[in-house]
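Using our numbering, the letters of the sequence shown correspond one by one to residues 31 to 540. Note sheet for the following structure.
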Amino acid sequence: MYKPTISAKYVTTLTLLSIAISGQAATANEPNFTAVQAEEFGVAGSLSNAWADFDNDGDLDFAVSIKGGEVRLYRNDSGKFVSIGEKMGLPTQGDEIRGISWGDYDGDGYVDLLGGSNVSPTPSRSYVFRNNEAKKFDEVAREIGLTIDGRWARQSNWVDFDNDGDLDLYAANRTGSNRLYVNTDGMFKAMSYREGASDPRRTVGSCWFDMDHDGDLDIFLTNQSGDSDAMWRNDITKFVDIASELGMDETLRDLSAGGVGCAVGDYDNDGDFDLYIGTYAHNLLYRNEGNGQFTEVGEKMGVIDPDHTVGAAWGDYNNDGLLDLSVIGYYRNADGQVPSNKLYLNTGDGFTNVLDAGSLLDAGDHGVTWIDYDNDGDIDLSITDGYGPVGGHHLFRNELTKEQRNRQLQILVLDSEGHFTQSGAEVRLFDKKGELLAARIVSTGGGYNSQDAAPVYFAVANSEPVSVEVRFMGPNGGTVQRMEGVNLTDYRGKALTILRKVDNVAVAKK
């Protein structure tokens, strides 16, 4: 079993350093962001947003699902976005696609896109848009076994749950049982209800991560409409729900309450992964104790603000070395549904909301993700507003100073063939003394019913070389690979790409 170590003295030092760097611990100043292509992106009914480099040109593009059935794809042309979805064969109308997830299910080096339908009152099916070498997308769900008929789609996770080298699919269902589909040579078959975490509760969010450090991905489910939550431990041949024994099940909810989005991140820089849960009540933050146990610390850390919280995403927006938290939700008034967002600054001792109601970033009610779309060294914010009075799939460019931007290191984790199949791999950064700086996880899905195929982002306080450690999932705790002496200056404006190698030596792709 793998478990990272960290010096308690170093945690204190990093906390003080982050406060000095950010300059925001004492005052809740509004962060500096500007809107990108605001008029073009101001499309009502924007539901889920997901980012990936679909054309392998080195920058991130993004897709968004829109009411009425459109799946819009924006190609990133040096920071200018061009809508090309219709030209590429994606739908412009039809079944409403609720969630979208990127993953290279067929291992051909081009990420594919799954969209789950949310048709009412009769549920429809899911759609898989196979990426044909960035020339067009072909809808192939029926031929590969992923129509998932009768599903009211919420989160879809591309994950390699059985550690056989390809991406399987977990399909959360808002009105019926979830299903886990096994990938065999690009064809999918549902596991039995007994084996495959086929939870019958009304699931909205599903977050996969290795909660017990045994080398395989487990799954936390956020369940709605009064249903309790679940933590399904992955035993490869079966799943066991251990939420009750961990104290994470949240029983005795009324029908108006329940979990919605979930987000995995190491907010306290101790090397293991914590879990934030957005709910239609008081939100939750589970601190990972590193021994397979979790402690709920939401109120203590200042992130429980009650309302209709929908999506959430961790990201170090001010490059101080600590993960901050963007929380997207809404409230209702006489005019309908109004965005209600929080941006929680991580001070090292807790979180402080730095957004005022009605501010520029207070504009979403569903989707959220952090990405560096312009490769300038700071992470930008992508959110959606599907039901608010304005609507849109808003993109906000982060305007940190050059000195702050120079602290970033982005790392893209791929398999040995250079394909994006390593969802759930863990990346850790160490300083020259071997002290742990921070940890990140390759996305397995989150925000709101979406999954990015993107690098992970770190910030380092000084320019000294660092060591990078990647833990890939596998038997006996997985496989750990290290790279020593990584210079941040060598990777400004681009990602350090690490390939999985069978000889246990991490290799940077040039």
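Here a beta-carbon is modelled for each residue, glycine too, at the ideal position from N, C-alpha and C. Just so it is clear, the structure is predicted and the values come from calculations on it, not from any experiment.
Local conformation of residue i per DSSP, three classes
i           : result
residue 274 : helix
residue 519 : helix
residue 528 : strand
residue 10  : Coverage of the chain is limited to positions 31 through 540, which leaves residue 10 absent and any answer about it impossible.
residue 491 : coil
residue 268 : coil
residue 165 : coil
residue 465 : coil
residue 97  : coil
residue 174 : helix
residue 435 : helix
residue 455 : coil
residue 419 : coil
residue 104 : strand
residue 499 : strand
residue 573 : Because the chain spans 31 through 540 in this model, residue 573 falls outside it and cannot be assessed.
Cβ distance (whole Å) where residue i is taken to contact residue j below 8 Å
i           : j           : result
residue 423 : residue 94  : 4 Å
residue 199 : residue 208 : Their Cβ separation, rounded to whole angstroms, is 11 Å, which puts residue 199 and residue 208 out of contact at 8 Å.
residue 543 : residue 87  : Residue 543 cannot be examined here, being either before or after the span of the chain that is shown, 31 to 540.
residue 294 : residue 308 : Residue 294 to residue 308, Cβ: 13 Å. No contact.
residue 65  : residue 385 : Actually they do not touch by this definition, with Cβ atoms about 15 Å apart.
residue 61  : residue 405 : Not quite, the Cβ-Cβ distance comes to about 20 Å (not below 8 Å), so this is no contact.
residue 407 : residue 522 : 7 Å
residue 235 : residue 185 : 6 Å
residue 111 : residue 175 : Contact doesn't hold; Cβ gap of about 33 Å is too wide.
residue 180 : residue 151 : Between residue 151 and residue 180 the Cβ distance is about 12 Å, and since that is not below 8 Å, they are no contact.
Same chain only: Cβ atoms within 7 Å of residue i, ignoring 5 sequence neighbours per side
i           : result
residue 395 : 340, 358, 359, 360, 367, 369, 415, 416, 417, 418
residue 124 : 99
residue 327 : 315, 317
residue 75  : 96, 97, 98, 416, 421
residue 141 : 82, 84, 132, 133, 134, 161, 450, 483
residue 429 : 62, 63, 64
residue 106 : 89, 90, 91, 403
residue 452 : 443, 444, 445, 472, 502, 530
Nearest neighbour of residue i, chosen from the options [CA to CA]
i           : options            : result
residue 120 : 169, 83, 85        : 169
residue 438 : 250, 75, 493, 115  : 493
residue 402 : 380, 313, 426      : 426
residue 350 : 223, 305, 431, 500 : 431
residue 365 : 502, 420, 212      : 420
residue 488 : 498, 499, 480, 440 : 440
residue 206 : 230, 192, 225      : 230
residue 507 : 456, 479, 474, 465 : 456
residue 258 : 78, 454, 287       : 287
residue 264 : 404, 278, 239      : 239
residue 325 : 172, 275, 310, 362 : 275
residue 352 : 62, 459, 126       : 459
residue 127 : 177, 319, 211      : 177
residue 463 : 227, 498, 429      : 498
residue 544 : 228, 167, 297, 243 : The question about residue 544 has no answer, for the chain in this structure spans 31 to 540.
residue 354 : 336, 378, 363      : 378
residue 213 : 323, 382, 192, 529 : 192
residue 321 : 301, 338, 526      : 301
residue 224 : 436, 305, 77, 266  : 266
residue 383 : 150, 279, 332, 500 : 332
residue 292 : 486, 491, 479      : 479
residue 468 : 179, 490, 285      : 490
residue 195 : 510, 137, 70, 336  : 137
residue 149 : 171, 183, 167      : 183
residue 485 : 117, 466, 500      : 500
residue 345 : 330, 411, 107      : 411
residue 156 : 165, 203, 249, 115 : 203
Neighbourhood of residue i by C-beta distance below 8 Å, restricted to the same chain and skipping five residues each side
i           : result
residue 57  : For residue 57, the pLDDT reaches just 37, beneath the cut-off of 50, and the residue's location in the model is therefore unreliable, although a value from the coordinates is still provided. So no residue of the chain qualifies.
residue 454 : 189, 190, 238, 239, 240, 247, 471, 472, 474, 503
Residue-chain proximity (residue i, chain B), Cβ-Cβ < 8 Å
i           : result
residue 468 : Of the chains in the structure shown, none is chain B; there is only one protein chain.
Cutoff 6 Å; reference residue i; Cβ partners in own chain excluding five residues on either side
i           : result
residue 356 : 343, 373, 398
residue 540 : With a pLDDT of only 42 at residue 540, under the threshold of 50, the placement of this residue in the model should not be trusted, and no figure is reported.
residue 334 : 312, 313, 328
residue 269 : 227, 262
residue 519 : none
residue 477 : 341, 343, 397, 398, 399
residue 272 : 261, 263
residue 530 : 445, 446, 502
residue 280 : 258, 259
The segment 140 to 153 / the segment 120 to 131 touching (three or more Cβ pairs under 8 Å): yes
Stretch-stretch touch, CB-based, cutoff 8 Å, three pairs: the segment 510 to 523 with the segment 248 to 255: no
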